[in-house]
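Engineer: In the working numbering, each number is its position in the sequence shown, counted from 1, plus 2.
So that we are looking at the same thing, I have put the structure below in structure tokens.
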Amino acid sequence: MKFCDIHLRDPFVLTEDGKYYLYGSRGAELWGKCIGLDVYVSSDLENWSCAHTAFTPPENFWATKNFWAPEVHKYNGEYYMLASFKSDDKCRGTQILKASSPMGPFLVHSDGPVTPSDWECLDGTLHIENGVPYMVFCHEWAQIDDGEICVIELTKDLKRAVSEPKVLFRASEPKWSDGYAPGKYVTDGPFMYRTKSGRLLMIWSSFSKHQYCEAISYSDNGSVFGNWTHDERLLFEKDGGHGMIFANYDGEVMFIQHSPNNSPYERPCLFKIVEKDDTLYIAE
Numbered sequence: 003m004k005f006c007d008i009h010l011r012d013p014f015v016l017t018e019d020g021k022y023y024l025y026g027s028r029g030a031e032l033w034g035k036c037i038g039l040d041v042y043v044s045s046d047l048e049n050w051s052c053a054h055t056a057f058t059p060p061e062n063f064w065a066t067k068n069f070w071a072p073e074v075h076k077y078n079g080e081y082y083m084l085a086s087f088k089s090d091d092k093c094r095g096t097q098i099l100k101a102s103s104p105m106g107p108f109l110v111h112s113d114g115p116v117t118p119s120d121w122e123c124l125d126g127t128l129h130i131e132n133g134v135p136y137m138v139f140c141h142e143w144a145q146i147d148d149g150e151i152c153v154i155e156l157t158k159d160l161k162r163a164v165s166e167p168k169v170l171f172r173a174s175e176p177k178w179s180d181g182y183a184p185g186k187y188v189t190d191g192p193f194m195y196r197t198k199s200g201r202l203l204m205i206w207s208s209f210s211k212h213q214y215c216e217a218i219s220y221s222d223n224g225s226v227f228g229n230w231t232h233d234e235r236l237l238f239e240k241d242g243g244h245g246m247i248f249a250n251y252d253g254e255v256m257f258i259q260h261s262p263n264n265s266p267y268e269r270p271c272l273f274k275i276v277e278k279d280d281t282l283y284i285a286e
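Right, dumping it as structure tokens:
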């Protein structure tokens, strides 16, 4: 299967054992009933396997729709999937699943979402700092109008949260932010990255000039709990986002996102990244 034929949003790549494992929100199930999440496998980032089912909800699983933005991280020798789920009578939240292989099957690990039960939340990403696991996630604009990016501490086994959420910043703060609609400011898809000097930055998605985009923000002290400032330059300006960064097996830094942002046309898109002046640029 060619890369351009894979229909998914919110792509995430795990590199392991000389292969690339691609996860994302199933394109055909984005807005309705969901029955699982997939993984695609490649050895060259060009030719991919067909979809393999990585997660099938168990009987009586609490969520029925919006199985979104699965990320898979290797942690203490196991593979943990952080994914967002929703049902008609429960708030959207990020739950943690676990497997012994990147292929799955991923099984329920946390007891329901680790995000607050009365918050509409999504797009949790794992961040390890000084050996402590944290999850950075979005408090959704659909509930609070001005979307927030927050952090919570997790137990060492990633089963539950052990702190109250801390707001890192709000979607309306950057100068370029003009909202999804009047008074509605979006936070999507945070992903943490350290430059070679140790500078901690975050890429995340929102809207500028009424286009979905990829932004860069910076911690002032190298910690997720630092004061966050926002680059006036966007990493990707028009009709693409919810990206992440990984290194390929040639040592090149890669950025993957979905584009365009309209269903059913979204597809994963790959770009090389250049680190310059302690920040990131898409290679020309």
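Every residue, glycine too, gets a C-beta built ideally from N, C-alpha and C.
For the beta strand (DSSP E) containing Trp230, list its first residue and its last residue.
Structural biologist: Locating residue 230 in the sequence shown gives position 228, where the first residue counts as 1. Trp230: member of the beta strand (DSSP E) spanning 230-232, first to last residue.
Engineer: State buried or exposed for Asn68, treating a residue as buried only when at least 16 other CB atoms are found within 10 Å of its CB.
Structural biologist: Stepping through the sequence shown from its first residue, residue 68 is reached at position 66. Its Cβ being crowded by 16 or more others within 10 Å, Asn68 is buried.
Engineer: Tyr195 to Glu61, Cα distance in whole Å?
Structural biologist: As a position in the sequence shown, residue 195 is number 193, starting the count at 1. As a position in the sequence shown, residue 61 is number 59, starting the count at 1. If you take the alpha carbons of Tyr195 and Glu61, they lie about 37 Å apart.
Engineer: I need the straight-line Cα distance from Pro107 to Lys177, nearest angstrom please.
Structural biologist: Along the sequence shown, read from residue 1 onward, the residue named residue 107 stands at position 105. Along the sequence shown, read from residue 1 onward, the residue named residue 177 stands at position 175. Cα to Cα, the separation comes out at about 43 Å.
Engineer: Assign Phe108 to one of three DSSP states: helix, strand, or coil.
Structural biologist: Stepping through the sequence shown from its first residue, residue 108 is reached at position 106. DSSP places Phe108 in coil when its eight states are reduced to three.
Engineer: With a threshold of 16 other CB atoms inside 10 Å of the CB of Asp125, please say whether the residue is buried or exposed.
Structural biologist: As a first step, residue 125 must be located in the sequence shown, where it is residue number 123. It counts as buried.
Engineer: According to DSSP, is Phe227 part of a helix, a strand, or is it coil?
Structural biologist: Locating residue 227 in the sequence shown gives position 225, counting from the first residue. Phe227: coil per DSSP, three-state reduction.
Engineer: Any idea if Ala285 is buried or exposed, counting beta-carbon neighbours within 10 angstroms, 16 or more meaning buried?
Structural biologist: Here residue 285 refers to the residue found at position 283 of the sequence shown. In this structure Ala285 is exposed. Its beta-carbon is surrounded by fewer than 16 other beta-carbon atoms within 10 angstroms.
Engineer: One question on the structure: do Leu10 and Gly26 come within less than 8 Å of each other, judged by their Cβ atoms?
Structural biologist: Residue mapping note: residue 10 aligns to position 8 of the sequence shown, counting from 1. Residue mapping note: residue 26 aligns to position 24 of the sequence shown, counting from 1. Yes.
Engineer: Is Asp190 helix, strand or coil when you go by DSSP?
Structural biologist: As a working mapping, residue 190 is identified with position 188 in the sequence shown. Of the three classes helix, strand and coil, the one that applies to Asp190 here is strand, per DSSP.
Engineer: Residues in its own chain within less than 7 Å of His304 by CB, not counting five upstream and five downstream?
Structural biologist: No answer is possible for residue 304: it lies beyond the span of the chain, which begins at 3 and ends at 286.
Engineer: Should Glu268 and Gly29 be called a contact, given that it needs their Cβ atoms to be closer than 8 Å?
Structural biologist: Along the sequence shown, read from residue 1 onward, the residue named residue 268 stands at position 266. Along the sequence shown, read from residue 1 onward, the residue named residue 29 stands at position 27. In contact: Glu268 and Gly29 (Cβ atoms closer than 8 Å).
Engineer: As a quick exercise: from Trp70, Thr66, Phe209, Ser102, pick the residue whose alpha carbon is nearest that of Gly79.
Structural biologist: The sequence position of residue 79 within the sequence shown is 77, counting from 1. Comparing Cα positions, the closest option is Ser102.
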